[in-house]
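Undergrad:
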Amino acid sequence: MNNTEHGPAVKGHERRSAKNKPRTRSALVLYGTETGNAQDLADEVGRLTERLRFETTVIDLDSIELQDLVNFTIVIVVLSTTGQGEFPQNARSFWRVLLSRQLRPGVLRRVNFTTFGLGDSSYPRYNVAHRMLHTRLLQLGAQLFCPRGEGNEQHPEGHTGEFRSWILDLKDSLLTHFPLGDGQEIISEGVFLEPKWILESADVRDSSTNGVTAIDTLVLTPETPPAQDLIPINDAVVADLTSNTRLTPSDHTQDVRLLDLSIKDEIEYGPGAVAVVYPKNFPKDVEQFIRDQEWQDVADVQIKVVPTKRDADLKTYPPSPLRHISTGKQTFTLRELLTNYLDILSIPRRTFFSNLAYFTKETNEDEEYQKERILELANPELIDELWDYTTRPKRTILEIMPDFPSIRIPWQYALTILPIMRGRQFSIASGGTLKSNDNGGTRVQLLVAIANPPNPIIKFRKRYGVCTRYIATLEAGQQIALTIQPGYLNVGREELQVPILMVGPGTGVAPMRSMIHERRQWARDMEDTVCASESYLFFGCRNEGADYFFREEWEGLSGLGLTVFPGFSRDKDKPRTYVQELLRKNASIVREVLLQRQGKIYICGASGNMPKGVREALLEIMGGDERFQSQEGDQVEAYLDELEREGRYRQETW
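Laid out in C-alpha cells, this is it:
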C-alpha cells in the first residue's frame, strides 16, 4: 500500500436487498474499489444510464445480494484489480459467493451485463480480477450486451483514456439492445439530473456543531491545523498518537515521518496490513471555499442529508454518499462537511465540470465565456484540455473556483458536486514484538512520506497530499480514527521454511520491516533462536545519511538471519544505484533463493519504473541460469508467471 500517500479507501456497509424492486427499466451499477477510482467511473456510468431513462442504483459489490441481480434490466460492473491480481476489499465477499460450488451453470441467465476493469500494467497480473469476474459471470449464464473494457493506469491519460471510448460503446449498446419506449427521448446533457440525496436545514434546537465550530477568520493562517475532534467512521478504532517523528534531516528534500500509534483494544494484523487514515481539510481552505461560494450565512447552521424521494423505501433506495459515517451522526454544518467529509483539494474530474455547467450564468459576455470554458472541460472529446488544465499542473477544486467567479453552487447540492473525502491507506511498518503496547493493546507504526513536492507547471505554489499534510500536523497525545485492513502480501508462518527476498525502496520498506520482525517473532514462538531461513532486504534510497531508514535496526539484526543490501541514488561520492542493480550484483543469491531453495520474493514501493525494472532484472538473472540457457527466452517469463500463481512472487506498489 501507498506510504507516500495511498489512494483513498472506502468502507462498505450492510448488504442491501432489492427483492421487492419491480422489474422496470432499471440499472444496477456495481463497483469494487481500493482507491476510489472505480467508484468515480461507476458514478459516471450511473449518470449515463439515468439519461437513458434507467432507474439507476450505484453501489459497491459487497453490498448487494447475488440473487438480486435478476431484479434489474442491466448490471454493469466497474472493478479495480489491486495487489497481486486481488479483488478490492469491498468486492471480496461478492467474489467468494460467485465461486460457490452450489451455483449451477445458467443461474444468472436472466442477467444482462457488461464490465469495465481498472488495472496497472506495471503489475504482472494486469486486470486479472476484472477478467476473472467477467469470465465467472459468463460461466453462470449471464448475457453480455456490450464488450468489456479495460483501463490502464500507465496510459498517458490514465485509466480514463480507455474509459472514454468504452462508455461511448456502452451507450450505443444500451440504445441497441434496450431501446427507449415510444415517445421517450434521451435526457439531454443540458438537463440537470436531480440527485438521490440532498442537504436541507435540520430542525434541531441545539445549534452546536459537534466539533467543528465557527472560527475567527482574522487569525487563520494557511498553517492553522484542523481541530482535533474525531471523525465518526464506521468500524474505526481510536488510536492515541504516541509520537510523530521526522526521520529525515530538516534540510532534506523529503519529509518522512514515523508515526507511533497505540490502540486500546487488541487487534491482530500481519505483514502487508494497512492502516486507513481519514484526513481533514485545513480551516483556511474551508473558509476560502465558503467565501467563494457565499455560504457564510449557512456555514454554521445544522443541516442533514435527506433523500429526494421522501416516500422511498430506504432498504432498496440508492445509499447515501455519507454511508461510511457512523449512524449516530445525524446532523452537520457545512463547515463540518467541508472540513471532514468533502475533498475540496482533489483534482476535479470531468463530471465535476459537467455538474458545474448547470450553475453557470449567461447574463453577460464574461459569464458566457466562463460557461463555454466549463463545457470544454466537461466534453469527453476534449480530454487533453482537461488534462492540461487540471491533472498535469495538479490544480485543485479550491484553486479552479476563482477562475469561474460567476458560479455559485447551491449548498443543498454540495454532496452532488463535491467528491467525498476518502481515507488513505498506509502500509503498517510494525510487526512481531513491535505490535504490542505496554498496556496489552495494539501498536501500529506508519512510515509516511509527506507529499509536498514543488509543482512542475505552476511555479511558487506548493502541492500537498491532502492526508499527509494533515498527518504532518498531528501531535503526540492526539487521537485519530483508523481502520485496519489485511492487505495483499498473504504472509504466513510457513514462510520460515524458505528464504525470502524483499525489495523495498524508500517507504516501500515499511511492510518489509513488518515482515522481518514478524518472522523473528515466529522463530521465537517455534523456540528457534534465529529465523529458520534467511531474509534478504534490497533497500534503495537517495542518501545514506538522510533516508537510510531503520539502519540501526538492520545492523542489530545482522547475523540473525537478515542481510541488507543498500543502494543510494543521490550520494555524490557513490555511483547511482537502484534496487534492480542490487539484484543484479547479487544474482547468485537471487538464483539460489528462487531456483534452488523454492523461496519467495516481495516487491513494495512506487509503481511504474521500479517494479518494471525489478522484473527485467529478474528475467536477466534467471536467464543466466543453466536450466534456461538452452531454452527459448519466453521460458523465463513463464517461470516468473508460475512464481506468481504459486504465491512466491508478490508485488504491492502504489
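Numbering (this note's numbering), first residue to last: 831 to 1484. Heads up, the beta-carbon is just placed ideally off N, CA and C, and yes, glycines get one too. Keep in mind that this is a model prediction, so the values were computed, not measured.
Using only alpha-carbon positions, find the residue among Pro1329, Pro1341, Leu1326, Thr1337 that is nearest to Pro1316.
TA: Residue numbering aside, residue 1316 sits at position 486 when the sequence shown is read from its first letter. Looking at the Cα atoms, Pro1341 is the closest of the given residues.
Undergrad: If you draw a straight line from the alpha carbon of Arg883 to that of Ile1017, how long is it in whole angstroms?
TA: As a first step, residue 883 must be located in the sequence shown, where it is residue number 53. As a first step, residue 1017 must be located in the sequence shown, where it is residue number 187. Computed Cα separation, rounded: 7 Å.
Undergrad: Which of the three DSSP states is assigned to Thr886 in this structure?
TA: To locate residue 886, count along the sequence shown from 1; it is residue 56. Three-state result, Thr886: strand.
Undergrad: In terms of residues, what are the limits of the beta strand (DSSP E) holding Ile1431?
TA: Working through the sequence shown from its first residue, we reach residue 1431 at position 601. Residues 1430–1435.
Undergrad: Got a sec, what are the start and stop residues for the beta strand (DSSP E) Asp1070 sits in?
TA: Counting from one through the sequence shown, the residue named residue 1070 turns up at place 240. Here the beta strand (DSSP E) through Asp1070 covers 1067–1076.
Undergrad: Among Gly1391, Trp1384, Glu1374, Gln897, which has the Cα closest to the Cα of Lys1404?
TA: Looking up residue 1404 in the sequence shown gives position 574. Residue Glu1374 is the option with its Cα nearest to Lys1404.
Undergrad: Leaving aside the five residues before and after Glu1197 along the sequence, list all residues of the same chain whose C-beta is less than 6 Å from its C-beta, in chain order.
TA: Taking the sequence shown and counting its residues from 1, the one referred to as residue 1197 is at position 367. For Glu1197, where only same-chain residues beyond five positions count, the Cβ hits under 6 Å are Lys1191, Ser1236.
Undergrad: Expressed to the nearest angstrom, what Euclidean distance is found between the alpha-carbon atoms of Thr788 and Thr1298?
TA: With the chain represented from 831 up to 1484, any question about residue 788 goes unanswered, as that position is not in the structure.
Undergrad: Does DSSP put Tyr1099 in a helix, in a strand, or in coil?
TA: Taking the first residue of the sequence shown as position 1, residue 1099 is located at position 269. Correct three-state label for Tyr1099: coil.
Undergrad: Which of the three DSSP states is assigned to Glu1202 in this structure?
TA: On the sequence shown, position 372 is the one that residue 1202 refers to. Looking at Glu1202 - three-state DSSP - the assignment turns out to be helix.
Undergrad: Which class does Glu1015 belong to by DSSP, given the choice of helix, strand or coil?
TA: Here residue 1015 refers to the residue found at position 185 of the sequence shown. It is coil, neither helix nor strand.
Undergrad: For Glu1482, write down the residues that DSSP places opposite it in a beta bridge.
TA: In the sequence shown, counting from the first residue as 1, residue 1482 sits at position 652. Cys1434.
Undergrad: Could one say the Cβ of Ser1344 lies closer than 8 Å to chain B's Cβ atoms, at least one of them?
TA: In the displayed structure, chain B is absent; only one protein chain is listed.
Undergrad: Out of Glu1096, Gln1132, Ser893, which has the shortest C-alpha to C-alpha gap to Lys1145?
TA: On the sequence shown, residue 1145 is found 315 positions in, with the first residue counted as 1. Minimum Cα distance to Lys1145 is reached at Ser893.
Undergrad: Classify Pro977 as buried or exposed, calling it buried when 16 or more other Cβ atoms lie within 10 Å of its own Cβ.
TA: By 1-based counting over the sequence shown, the position of residue 977 is 147. Exposed, because fewer than 16 other Cβ atoms sit within 10 Å of the Cβ of Pro977.
Undergrad: Apply the 10 Å Cβ neighbour rule to Gly1435 and answer buried if 16 or more other Cβ atoms are within range, or exposed otherwise.
TA: In the sequence shown, residue 1435 corresponds to position 605, counting from 1. With 16 or more Cβ atoms within 10 Å of its Cβ, Gly1435 is classed as buried.
Undergrad: Name the DSSP beta bridge partners of Tyr861, please?
TA: Looking up residue 861 in the sequence shown gives position 31. Its beta-bridge partners are Asp890, Val908.
Undergrad: Rounded to the nearest angstrom, what separates Leu1367 and Glu1053 at their Cα positions?
TA: Within the sequence shown, residue 1367 is the residue found at index 537, counting from 1. Within the sequence shown, residue 1053 is the residue found at index 223, counting from 1. So the two alpha carbons sit approximately 38 Å from each other.
Undergrad: Select from Gln1132, Arg1153, Val1328 the residue whose C-alpha is nearest the C-alpha of Thr1161.
TA: By one-based count along the sequence shown, residue 1161 stands at place 331. Out of Gln1132, Arg1153, Val1328, Gln1132 has the C-alpha closest to the C-alpha of Thr1161.
Undergrad: Identify the residues that DSSP records as bridge partners of Cys1297: which are they?
TA: Position 467 of the sequence shown, counted from the start, is the residue given in the question as residue 1297. Cys1297 is not bridged to any residue.
Undergrad: Shortest alpha-carbon distance to Met1356 belongs to which of Val1423, Leu1326, Thr1169, Asn1185?
TA: Here residue 1356 is taken as the residue at index 526 of the sequence shown, counted from 1. Among Val1423, Leu1326, Thr1169, Asn1185, the Cα nearest to that of Met1356 is on Leu1326.
Undergrad: Please check the pair Gly1443 and Tyr1408, which I expect to be a contact at CB under 8 Å, by giving their CB distance rounded to whole angstroms.
TA: Along the sequence shown, one-based indexing puts residue 1443 at 613. Along the sequence shown, one-based indexing puts residue 1408 at 578. Correct: roughly 7 Å between the Cβ atoms.
Undergrad: Could you give the C-beta distance for Tyr1432 and Glu916, rounded to a whole number, given that I count them as a contact under 8 Å?
TA: Here residue 1432 refers to the residue found at position 602 when the sequence shown is read from its first residue. Here residue 916 refers to the residue found at position 86 when the sequence shown is read from its first residue. Not quite, the Cβ-Cβ distance comes to about 14 Å (not below 8 Å), so this is no contact.
Undergrad: If we count the other Cβ atoms within 10 Å of its Cβ and call it buried at 16 or more, is Tyr1479 buried or exposed?
TA: Position 649 of the sequence shown, counted from the start, is the residue given in the question as residue 1479. Label assigned to Tyr1479: buried.
Undergrad: Is Ala872 closer than 8 Å to Val908 when the C-beta atoms are compared?
TA: Walking along the sequence shown from the start, residue 908 turns up at place 78. Walking along the sequence shown from the start, residue 872 turns up at place 42. Result yes, Cβ atoms of Val908 and Ala872 sit closer than 8 Å.
Undergrad: Which residue from Ile1155, Gly1389, Thr1169, Asp1081 puts its Cα closest to that of Asp1115?
TA: On the sequence shown, residue 1115 is found 285 positions in, with the first residue counted as 1. Residue Thr1169 is the option with its Cα nearest to Asp1115.
Undergrad: Per DSSP, what kind of secondary structure is Ala848 in: helix, strand or coil?
TA: In the sequence shown, the residue the question calls residue 848 occupies position 18. Low confidence applies to Ala848: its pLDDT is 45, below 50, so where it sits in the model is not reliable, and the reading given next is rough at best. In this structure, Ala848 counts as coil in the three-state DSSP scheme.
Undergrad: Could you compute how far the alpha carbon of Asp1143 sits from the alpha carbon of Thr1157?
TA: Counted from its first residue, the sequence shown places residue 1143 at position 313. Counted from its first residue, the sequence shown places residue 1157 at position 327. Approximately 17 Å, taken between the alpha carbons.
Undergrad: Consult DSSP for Lys1134 and reduce its assignment to one of helix, strand or coil.
TA: Here residue 1134 corresponds to residue number 304 of the sequence shown, with the count starting at 1. Here Lys1134 sits in strand by DSSP.
Undergrad: Jot down the residue ranges of each uninterrupted alpha helix (DSSP H) in the region 937–985, minimum 4 residues, whole runs only, in chain order.
TA: Correct list: 958–969.
Undergrad: Is it right to say Tyr1199 is buried, meaning 16 or more other beta carbons lie within 10 angstroms of its own, or is it exposed?
TA: One-based indexing of the sequence shown puts residue 1199 at position 369. The residue in question, Tyr1199, is exposed, as its Cβ has fewer than 16 Cβ neighbours within 10 Å.
Undergrad: So is Asn920 buried or exposed if we call it buried at 16+ other beta carbons inside 10 Å?
TA: Sequence index remark: in the sequence shown, residue 920 carries index 90 (1-based). Label assigned to Asn920: buried.
Undergrad: Within a Cβ cutoff of 8 Å, which residues of the same chain sit near Tyr956, ignoring the five residues on either side of it in sequence?
TA: What you label residue 956 is simply residue 126 of the sequence shown in a count that begins at 1. So the list reads Thr911, Gly949, Asp950, Asn982, once near-sequence residues are dropped.
Undergrad: Exposed or buried, what is Ser952 when buried is set at 16 or more other beta-carbons lying within 10 Å of its beta-carbon?
TA: Along the sequence shown, read from residue 1 onward, the residue named residue 952 stands at position 122. Ser952 comes out buried.
Undergrad: For Pro1223 and Tyr1294, I'd like the C-alpha separation in whole angstroms.
TA: Numbered from its first residue, the sequence shown carries residue 1223 at position 393. Numbered from its first residue, the sequence shown carries residue 1294 at position 464. About 12 Å.
Undergrad: Where does Pro1113 sit, in a helix, a strand or coil, going by DSSP?
TA: As a position in the sequence shown, residue 1113 is number 283, starting the count at 1. DSSP places Pro1113 in helix when its eight states are reduced to three.
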